[in-house]
Every structure is written in structure tokens, then in C-alpha cells.
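To keep things clear, I will list the structure first and then write my remarks on it.
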């Protein structure tokens, strides 16, 4: 899909807005709610997630002919990376998107989370280049 | 319970978002990928500079390539390949302008508007409140002030590092990958949920 710079910005802005609003109203940006999900005290967020996956699976597979490639290949970083991410998610209550939602909501402690995420991303890129450099399916 | 959307309302919103993303941008949703793009802005700028320079000096570029080829194989062999009989070297072909993918600044716009979306939602629902912590539960588990902030910095680093190492997060693996039944995404999603559950129980059990 060829898009001009302006189109890219406008479309990303709209989608970002929709994502931020949705995550906030769902409560995905609340440490309280996320923590209750991980302790299985409240299954609402789990159901939300499962429901979203079901909807996406149905619509994309039934109604979209040429799907973009998933680019998700099974490389050696999948297992350790996901375990590390899960631990971070439980500690901060945020995935890479919800830290930003928290900041928007006025939960300013999440500025530290966001800085941490930026640093972690940068750090992994250095480590990957130096020590791992297996094929991750993306050329970034 | 009615403070937040019910599960099916949330599912509809997140599902619609993931589908819109595919239609509007022709790629799968993945927020950690946007982080990666932003954090590699320097590399991207360098790469673009190089391809712009190669494009601007396409003629010089081709001459240099041809000169190197002649130096490597000798001009006779090349003439032979071209049909011999003193035929001229082939005319230069136009070099295509470098293809530009999604710019890192567009990814930055995406992240900024996620925050703005959070702001608007909090404003309309009356939850907007400037605070320096993440609420009572987080404070009970991790303290307040610098103790809490450094925990968040460390935890955020795990999130950033882990999502890059695992090539995806809740949106990229969880929503996009699982709905496409990509094996790596199924494994990743199961693992980061399991790891988060284990960490949460651990934190509840070990810390006062």
C-alpha cells in the first residue's frame, strides 16, 4: 500500500486515537484491573481479549482476500523474550501501548515506564546486533 | 463493574481497531513494532541518506559498477558477453527512486495519539486526574515515590527488551498474530500471559 507522508500521519493518528480511547474505557490501562486479570479475580479483561481475537479471526479470514503477511516467525528469541515481557507487564501493568494511555489519563508515574520501554527497545537492538543476530523475519 | 466497558463492548472496539488497521495501512497492528521504528530513527535517516545519494548520482553509480566489473573480468569478456564485434556498452538504465515504507515519524504520531486518546477518554469519563502513582494496588505492592518510579523504570525496560526479543507484544502477537494462528504468536501470547500470571502471584505472595 503506497501512502503519502500526510496520509500515513493522518491514518496513524486516527487509529492511535481509537486505540487510546478503547484501552482506557476497557480499563486495560488501569494497574488495578490488569492485576486482577493476572490473579484471575476478574475475567472481564481476558474475555475482552478473547472476544477481540475471535472477531478479528472471523472477519479477516472470511472477508479479506489478500491479507498482509504476519511476519511472525519462530526464532530463538520468542520464548525468552515473551517471558521477560510478561514479567515486565505484571510489574508495570502496561504493555507498550498502555503506558502511553496511562500518561494521557494523568497517571504520570507511567512516564518512567515509557522511558524504560524506550531504553529496553534500544538495549535489545544493541544486544541483538552484537550477540544474537538470528533472523527475526523483519529487516528493521 | 459498570465503571468500564463490558467485555463484549471492549472486544468489539479492539477487534474493530485491529481490522481497521489492516484496511487503512495494509499491515497488521503491532505497537512494539512502532516503538522499534521510533528507536531506530537514526539508522533509518542514515539509510535514507545513502539511498538518496545513490539515487541522485545514479549515473556515477552505474559507471563505477561497470568500471569495477571491467576491472574484475577484463573488457574482452564483457564485450564477448555483449555480443562481441566492438558493440558499445549497454546504455544506462534509469534508477528507481528508493521505496519509502512507513516513516518513523508516522509511528511517533501513532504513539502520541494513543496518549491523546487516553486523555480524551479520561476527560469524558471523568477519570482524568493528575497523579504520580498507578493507584492503590500498585502502591501497596511497590511503594510510592522513587521506589515505585524505579520499579516502573526497571519493569518498563523488561517490557521494551522482552517485546523486541520476542518480536511482538499484546497487540502484535496477541491480537494480530493469534487471530491469524501464527505458531510463534500462539506460543508468545501463551508465554507472556503465563509469565505475567506467575509474576503477579509471586509479587502478591512475597511482598508485604
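Chains as they are written, first to last, in my numbering: chain A, 2 to 141; chain B, 643 to 850. Where is the CB? At the ideal position from N, CA and C, for every residue including glycine. Note that the structure is a prediction, hence the values are computed from the model and not measured.
Query	Result
Give the residues of chain A in contact with residue 865(B), contact being defined as C-beta atoms less than 7 Å apart.	Because chain B spans 643 through 850 in this model, residue 865(B) falls outside it and cannot be assessed.
Could you tell me which whole alpha helix (DSSP H) segments of length 4 or greater appear in the segment 661-728 of chain B?	673-681, 683-698, 700-715 and 717-723
Does the segment 68-83 of chain A come close enough to the segment 809-829 of chain B that 3 or more CB-CB pairs lie under 8 Å?	yes
Kindly list, in the order they appear in chain A, the residues whose Cβ is closer than 8 Å to that of residue 773(B).	107, 108, 109 and 110
Return yes when the Cβ of residue 100(A) is within less than 9 Å of the Cβ of residue 712(B), no when it is not.	no
Take residue 6(A) as the anchor and find which of 747(B), 793(B), 787(B) and 839(B) has the nearest alpha-carbon.	747(B)
Using a Cβ cut-off of 9 Å (strictly closer), state whether residue 134(A) contacts chain B.	no
In or out: residue 670(B) buried (at least 16 other Cβ within 10 Å) or exposed?	buried
Need the endpoints of the alpha helix (DSSP H) that residue 806(B) sits in, please.	787-807
Would a C-beta distance cut-off of 9 Å place residue 39(A) and residue 793(B) closer than the cut-off?	no
With DSSP as the reference, label residue 1(A) as helix, strand or coil.	Outside the shown range of chain A (2 to 141) lies residue 1(A), about which nothing can therefore be said.
Between 667(B), 652(B), 824(B) and 838(B), which has its C-alpha nearest residue 9(A)'s C-alpha?	667(B)
Which of the three DSSP states, helix, strand or coil, is assigned to residue 42(A)?	coil
For residue 141(A) and residue 755(B), what's the separation of their Cα atoms in angstroms?	Because residue 141(A) sits at a pLDDT of 41, beneath the cut-off of 50, its placement in the model cannot be relied upon, and the following sentence gives the value as read from the coordinates. If you take the alpha carbons of residue 141(A) and residue 755(B), they lie about 23 Å apart.
Under a three-way DSSP split, which group does residue 745(B) fall into?	coil
Please confirm if residue 707(B) has its CB atom under 9 Å from at least one CB of chain A.	no
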